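Add 142 to a position in the sequence shown, counting from 1, and you land on the number used in the working numbering.
As C-alpha cells, the structure follows; a few thoughts come after it.
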Amino acid sequence: MPDAKGRLLVVSDDLGFRDGFAVHAKNRGFEAVFAAEPREASRAGAGPFAAVLVDLERLPPGERLTCPALGSMAAPVFLLETARSIAPDAPAPLRRLAWPPPAGFARQIRAADRPVVLLADQTLYATGAVRSLLDASDVDSVCLEAAVGLGQFLRESEDLGRVLVARFTGSEAEAEAVDRGVRNAVPEAVCYLVSSADPMRAAEAAVKGARTVSLMRSAAPRIPDLLAGDGTAVPGRRGGRILLVDNFKPTLAASGQALLAAGYEVFPAQSAEEALQGFQAGAFHLAVIGTAIAYAQQTGAQFAAKLRERDPDLRIIFMVDRYPLQAALQGVSQVVELGLDDALLKPVEPSRLIFSVQRALERRFLLLENARLLKEITESNRQLAQINEFQKKFFAMVAHDVKNPLTAILGYAEILGMLMKDRPADGKCAGHIHSAAKTLNTLISDLVDLAAIESGKLRVEIGALDLLAVIGEVRSRIEIVAGQRKITFDVDVPAALPPLAGDPARLGQVIQNLCT
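Structure (C-alpha cells):
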C-alpha cells in the first residue's frame, strides 16, 4: 500500500477536475484517490491520507455542514469554493473569502434574499475596499466599526436584505462564534470572513494550525505544492507587506485600494500609535507615511525614525501635502536627510505610488541580497582561512618529518663522496645522490613557505651562477632516466659562459622539468 503521506482524498463528481488534479498530484509525488460525495469518502480507500479535498461546486448546500466531519480522518481538510458555491443563496456556516472575491460576487449579494454579513479585516475595512466593491454593484450596505451585536442588529432591522460590513480583527474561532450568534438570531443570514491575506499563505497557516482550509477551486493545483512543504506554493518576492499610515481617510482608502489591487499586503493605520501596534503584530517590508500625522503627537520624521529603530532594513516613503509650500519643501528635504526612499506629493496618483513602492522594495531586496552574499563570502573566507592554516601546519609537520631523514642522506652522501675520491665512477654516483637530495630539500622548504606558493611566487636566492655546473648536475640525473628508457640524451653547450647571476636550484628545476 502506498505511503499515507503521499495519498490525497478528493471528494468530487467532476471528472474533468479529477483528471486534471490527478496529474498535478502525480507530478508532486502524490496519489489522488477519489470519491463522488462525502458519504463515499470512507469507501474510497483505506486511510490515513495526507489531505482531504472537497469540491463544493455541485455539492448540495445542506451537505456543507458534513464536510468538516471529514477532519476525523486526521488530515487537513480543503474546501474548494467556486463562484457558484460561494454565492449567498443558501444558509451555511461561516465561509472564508479571500480578496479579491470571484467576479460577480457583489451581484450575487444584491440578488440574495437574505441578510449578508461581511466580516472584513482591518485592511479591507480601513481602505473601504469592500464598500467600494458593493457600491460599484449598487448594493446598499451598512458599515460597523465592530462585530458586536450583529445578530440583534439584523433581527431588529426591518430590511431583511440588509448587507452589513463589520470591521473584524479577531481569530477564525472568534469569527465562527460571531457567525453562530448571527445565525441563532437570524437563521437565514449568511456570514463571510473576508481576508486580504494571500490565500496560499493563509492556507499554509491553517494547515499548521490544524484548521479547515477554504480555497477557490482554481487554486487546487497548488495544494500538492503546499503539502510538499518546499515553499513553492507560497509566494516569495511577490508583492510585499506594506504599512500605510495617513490620518486622512480618503487618502488612506485610495492608496490602500491601489496597493491591494497591485498584489501587496497592506496594513492601514490612521495614527502612529495604531501603526506601531500593527508593527508589533508582524514585520513589514515598507512603510508609506502621510506626513499629515505631524499634527498628531509626533512628526512624520520622528515616526520614521522609530520604525527604523525596529527594522533598519525597512524602506520608507513619505506622502507630503502640496500646501503650504513650506511644509512640502520640508517633507522633501526630510527624505534626503533621513535617507528615505521617496517623497510623493498629494494627491498621489495610484500609478506613481505603485512605481515608487516597486522601486523601494527592489532596493530593499538588493540591499538584503548583498548583505546575504557578503555574509556568505565572509563565512567562506573564514573557512578558507581555517583550511589554509591547517595546510600550513600540515606542510610544516611533513617538512619537519621528511627533513630529518633527508639531512642524514645529505650527510652520508658527502661522506661517501670523500671516501670515494680514488674511485671516480662510484664518487659520481655519490655526487648524484647529494645533488638530488639538495633539490628535494629545496622543494620541501617551499612547502613550508606556503604563502609564496599561494601567491604564485617561489623563493629565489640570486647569487653568482655557474650555469655549466647546474647543467652538469641535471645532466647526470637525466642520463640515468634516459638510459632506462633507451633514449639518447645529448647536451650541447659552449665550453665557457660569461659570469651570470641567478638561483642555481631554481634554474636546475626549470631545466630538469623541461628535459623530463
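Glycine included, every Cβ here is placed at the ideal spot set by N, Cα and C.
The structure displayed is predicted, hence computed values, not measured ones.
Best match in the options for proximity to residue i [C-alpha to C-alpha]
| i | options | result |
| --- | --- | --- |
| H427 | R383, L639, G481 and A217 | R383 |
| F421 | G398, K448, V153 and A572 | K448 |
| E179 | R200, A164, R170 and A167 | R200 |
| A647 | F409, N655 and P641 | N655 |
| P329 | D255, I622, I431 and S493 | D255 |
| T658 | I622, D645 and A262 | I622 |
| Q651 | R601, Q626 and G625 | R601 |
| A344 | A361, P235 and D463 | A361 |
| P230 | E223, V387, L558 and I251 | I251 |
| S337 | R506, G373 and A271 | A271 |
| P115 | L516, A352, E223 and L357 | Any question about residue 115 goes unanswered here, given that the chain covers just 143 to 658. |
| F220 | R353, K391, L508 and M461 | R353 |
| L150 | Q500, R170, F159 and V175 | V175 |
| L609 | K168, I620, K563 and P640 | P640 |
| R325 | Y334, A315, G351 and G293 | G293 |
| I629 | I620, T581 and A637 | I620 |
| G312 | F295, A288 and R181 | A288 |
Outcome for residue i when other beta-carbon atoms lying within 10 angstroms are tallied against a minimum of 16
| i | result |
| --- | --- |
| L585 | exposed |
| A579 | buried |
| R565 | exposed |
| V355 | buried |
| H576 | buried |
| R238 | buried |
| S669 | Absent from the structure is residue 669, since the part of the chain shown begins at 143 and ends at 658. |
| L561 | exposed |
| A417 | buried |
| D197 | buried |
| V477 | buried |
| G405 | exposed |
| P190 | exposed |
| V290 | exposed |
| A666 | Outside the shown range of the chain (143 to 658) lies residue 666, about which nothing can therefore be said. |
| G246 | exposed |
| A317 | buried |
Residue i versus residue j - alpha carbon distance
| i | j | result |
| --- | --- | --- |
| R379 | V305 | Bear in mind that the predicted position of R379 carries a pLDDT of just 44, short of 50, making it unreliable; the figure below should be weighed with that in mind. When rounded, the distance between both Cα atoms is 36 Å. |
| L157 | A177 | 11 Å |
| S498 | S299 | 46 Å |
| S274 | V258 | 16 Å |
| S618 | G569 | 12 Å |
| Y465 | P363 | 51 Å |
| T549 | A555 | 10 Å |
| L266 | N530 | 58 Å |
| V307 | K488 | 29 Å |
| D161 | A225 | 21 Å |
| D367 | P242 | 22 Å |
| D463 | L401 | 20 Å |
| E511 | A403 | 27 Å |
| V490 | I496 | 10 Å |
| A527 | V165 | 50 Å |
| L236 | V474 | 47 Å |
| A348 | F445 | 34 Å |
| L480 | Q525 | 38 Å |
| F163 | R359 | 10 Å |
| V664 | F390 | Outside the shown range of the chain, which is 143 to 658, sits residue 664, and nothing can be said about it. |
| L471 | L385 | 24 Å |
| E346 | K534 | 51 Å |
| Y437 | D388 | Residue confidence is low: Y437 scores 48 on pLDDT, short of 50, so the model does not pin down where it sits. Its coordinate-derived value is still stated next. Straight-line Cα distance between these residues: approximately 11 Å. |
| M539 | P547 | 14 Å |
| K168 | G148 | 9 Å |
| P454 | S522 | 25 Å |
| V635 | L552 | 29 Å |
| K545 | A611 | 25 Å |
| S154 | S227 | 13 Å |
Chain B contact for residue i (CB, 8 Å cutoff)
| i | result |
| --- | --- |
| L610 | Among the protein chains of the structure shown there is no chain B, as only one such chain exists. |
Supposed close pair residue i, residue j - CB separation, criterion 8 Å
| i | j | result |
| --- | --- | --- |
| L456 | A414 | With a Cβ gap of about 14 Å, L456 and A414 do not count as contacting. |
| P369 | A193 | Position check: residue 369 holds Leu in this sequence, whereas Pro was assumed. About 6 Å; that satisfies the 8 Å criterion. |
| I653 | I613 | 7 Å |
| P341 | A240 | 4 Å |
| A234 | V332 | 6 Å |
| G398 | A248 | Contact flag wrong, Cβ pair sits at about 18 Å. |
| A572 | L582 | That pair is no contact at about 16 Å. |
| T393 | G432 | 6 Å |
| E451 | A339 | Not really, about 27 Å apart at Cβ, beyond 8 Å. |
Residue i Cβ short of 7 Å to the ligand MN heavy atom set
| i | result |
| --- | --- |
| E407 | For the ligand MN, the structure offers nothing, since it holds no ligand at all. |
**Report entry** beta strand (DSSP E) runs contained entirely in the stretch 583–651, provided each spans 3 or more residues
**Finding:** Complete beta strand (DSSP E) runs here, min 3: 605–607 and 642–644.
Report task. Would you list, in sequence order, the uninterrupted alpha helix (DSSP H) runs of no fewer than 4 residues that lie entirely inside the stretch 383–468? Result -> Listed in chain order, the complete alpha helix (DSSP H) runs (minimum 4 residues) inside the stretch 383–468 are 391–403, 414–423 and 442–452.
**Report entry** Runs of alpha helix (DSSP H) lying entirely within the stretch 465–510, each at least 4 residues, in chain order
**Finding:** Taking only runs of at least 4 residues, the alpha helix (DSSP H) segments lying wholly in the stretch 465–510 are 467–480.
Report task. Just list the alpha helix (DSSP H) runs in the stretch 235–290, keeping only unbroken ones of 4 residues or longer that don't cross its boundaries, in chain order. Result -> Runs of the alpha helix (DSSP H) spanning 4 or more residues and lying entirely within the stretch 235–290 occur at 247–253, 264–269 and 271–278, in chain order.
**Report entry** Residue ranges of each beta strand (DSSP E) within the stretch 157–198, 3 or longer
**Finding:** DSSP runs (the beta strand (DSSP E)) wholly in the stretch 157–198: 173–177 and 193–197.
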